[in-house]
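Residue numbers (this note's numbering), protein chains in the order written: chain A, 1 to 278; chain B, 1001 to 1304.
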């Protein structure tokens, strides 16, 4: 192996600083959430305790965060499933040029770049004028999809750009119908990427704020609840909540990554070359 | 319509069949794209149309009423607050873009060309992307203990003797707003740039070296031009996220700074929807114009 040039060490140092920049603040509030009961929002630590975590479990102290958590979880799962199904279908559609495909693509890009507050405002206005009540499971759900679906679609483009079509041709030559080809050949090959789409769908929804601001109605999702706390809570309880939700997100990410990893192992063990097409 | 529907079945079963060739692929494509189209029509196009319509409406203190008047736009363009706020928005976008590009490019370059083992490369890449999947609001809050008057940064600088009194401009200033933007959005540069760099044929780098190019010359004349598509995609993300933001500016500036998003959200909280809608229309046009220009330089679908 050739010797590392000096630039490697400089860049490695830069990279380490970048990682510190990314994670440092989060770790800090992780530590500060263990403040003693008299502790403030910053160092020094005034003793070490679980006081602020206990506070979280007492409803009157912080409002209905567990209800908000349950709603965010349910909404995240709804958005996740919808995003996977709709993105895969759209991804399949976009493999061939169809009348209007260019237009639909640009609309999807618009959905990605449009300022979130416009979705919030527009959907809120429509529901208002139609006399409907905004609710996280209807207007909130639809608004979040305008953010997760374009992401899912872009991932599907990346997937199908690398997809080896000869697998499909082989299936078709052996007499598989179009549906059988998709179900038994295409979907298993792209499965790991679908887990990626699912991860995007869930986490983007679980953390979404701007698009649910005017569309969630009277029952807040967790990010809305957290934001409400920033304006009227000035104790480390907000760090405790931040630490818990971040841990939850990390757990979700770990589950998804672990699933992809297990899938990869299984394939390697089965000696199948299916994954090579991805 | 029944003709179209009738063609679907045979096409699905035998895609190669010549008979349905003109019409068939279109119909299958439409069916597969229908759910996406439905969502985008209901929750993107209809809201945009609604905002455009409402931007011509009138408002009293408590309610809004349909009308066709240009008052909202006249007020918007007649006020120099608008120009200042748009200027501030572009300023945030430009500065954030410059920092995220410099940092993102360096990080991606390190990962793509200096990390030799693939498992480590994947692990470090994931390390960079994981924060993207956690809450932005929590990540903003997490700067408070750092930047506050008695925060870590000030205490450290005082104990090192660099400053005598706490710096006031660390939190609730342009500095903290841009810091938060860079913190939140650098990933959007790292990922597409890294993706493009990984697709650069390594033999091109060898060729450059064989011809006597220094590492820096290779970077400047080979890698940088080939990475342009990734840079463009990252730019689109960062610019649109910053231009459309209202929450980061509000939170990190302690409501002391404004951008267009905040102008809209302030109007919304005062129930001045027509005025908010007019501002939103102008913002949307601005963003789409910027993206339209950027898209001229890159074919997104090809680069993924």
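We put the beta carbon where it would ideally sit given N, CA and C, even for glycine.
Bear in mind that the values here come from a model prediction, so they are computed numbers and not experimental data.
- In terms of beta-carbon proximity, residue 1175 of chain B stays away from the interface with chain A, with every pair separated by 8 angstroms or more.
- Under DSSP, residue 1059 of chain B shares a beta bridge with B:1064.
- DSSP, read as helix, strand or coil, puts residue 180 of chain A in helix.
- In the DSSP assignment, the residues bridged to residue 35 of chain A are A:48.
- Between the alpha carbons of residue 232 of chain A and residue 124 of chain A lies a distance of about 25 angstroms.
- The beta carbon of residue 116 of chain A lies closer than 6 angstroms to those of 210, 211 in the same chain, with the five residues before and after it left out.
- Against residue 1032 of chain B, the close residues of chain A are 89, 90, 92, 93, in the order they occur along the chain (beta-carbon pairs closer than 7 angstroms).
- Per the C-alpha coordinates, the member of A:38, A:145, A:134 positioned closest to residue 1038 of chain B is A:145.
- For residue 102 of chain A, the enclosing alpha helix (DSSP H) has its first and last residue at 101-113.
- Proximity of residue 1097 of chain B to chain A, defined by a Cβ-Cβ separation below 8 angstroms, is not satisfied.
- Under the Cβ distance rule, residue 1251 of chain B counts among the residues neighbouring chain A, one pair being separated by less than 8 angstroms.
- Under the three-state reduction of DSSP, residue 1272 of chain B is assigned to coil, being neither helix nor strand.
- Beta-carbon to beta-carbon, residue 11 of chain A and residue 1114 of chain B are separated by about 6 angstroms, close enough to satisfy the 8 angstroms threshold.
- For residue 55 of chain A, the secondary structure class from DSSP, reduced to helix, strand or coil, is helix.
- Contacts with chain A (Cβ-Cβ distance below 8 angstroms) from the region 1148-1161 of chain B involve 1148, 1150, 1151, 1152, 1155, listed in chain order.
- Taking 8 angstroms as the Cβ-Cβ cut-off, the region 1266-1286 of chain B approaches chain A at 1268, 1273, 1276, 1277, 1280, 1283, 1284, given in chain order.
- At least one C-beta of chain B is nearer than 8 angstroms to the C-beta of residue 14 of chain A.
- Unbroken beta strand (DSSP E) stretches of 3 residues or longer found wholly inside the region 168-224 of chain A: none.
- Looking at A:262, A:30, A:109, the one whose alpha-carbon comes closest to that of residue 1294 of chain B is A:109.
- In the three-state scheme derived from DSSP, where H, G and I count as helix and E and B as strand, residue 77 of chain A is classed as helix.
- Taking a cut-off of 8 angstroms on C-beta distances, the region 13-33 of chain A touches the region 43-59 of chain A, as three or more cross pairs fall below it.
- When DSSP states are grouped into helix, strand and coil, residue 1091 of chain B belongs to the helix group.
- For the region 1131-1148 of chain B, the set of positions with a beta-carbon nearer than 7 angstroms to some beta-carbon of chain A reads 1131, 1133, 1134, 1135, 1136, 1137, 1138, 1139, 1141, 1142, 1143, 1144, 1145, 1146, 1148 in chain order.
- For residue 1213 of chain B, the secondary structure class from DSSP, reduced to helix, strand or coil, is coil.
- For residue 1221 of chain B, the nearest beta carbon of chain A is not closer than 8 angstroms to its own beta carbon.
- Per DSSP, the continuous alpha helix (DSSP H) segment holding residue 1118 of chain B begins and ends at 1118-1129.
- Between residue 1197 of chain B and residue 1112 of chain B a beta carbon distance of about 4 angstroms is seen, short of the 8 angstroms cut, so the two are scored as contacting.
- Among the residues facing chain A, residue 1093 of chain B is not included, as its CB has no counterpart in that chain under 8 angstroms away.
- A direct Cα-to-Cα measurement between residue 164 of chain A and residue 186 of chain A gives close to 10 angstroms.
- Taking each of B:1130, B:1168, B:1292 in turn and checking the Cα distance to residue 255 of chain A, the smallest one comes out for B:1130.
- Spanning the alpha carbons of residue 218 of chain A and residue 121 of chain A requires a straight line of approximately 16 angstroms.
- The C-beta of residue 1064 of chain B has 16 or more other C-beta atoms within 10 Å across all chains shown, which makes the residue buried.
- Contact between residue 245 of chain A and residue 222 of chain A holds, since their C-beta atoms are separated by about 7 angstroms, short of 8 angstroms.
- Here residue 168 of chain A is buried, its C-beta having at least 16 other C-beta atoms within 10 Å.
- Residue range 1174-1185 is occupied by the alpha helix (DSSP H) that includes residue 1174 of chain B.
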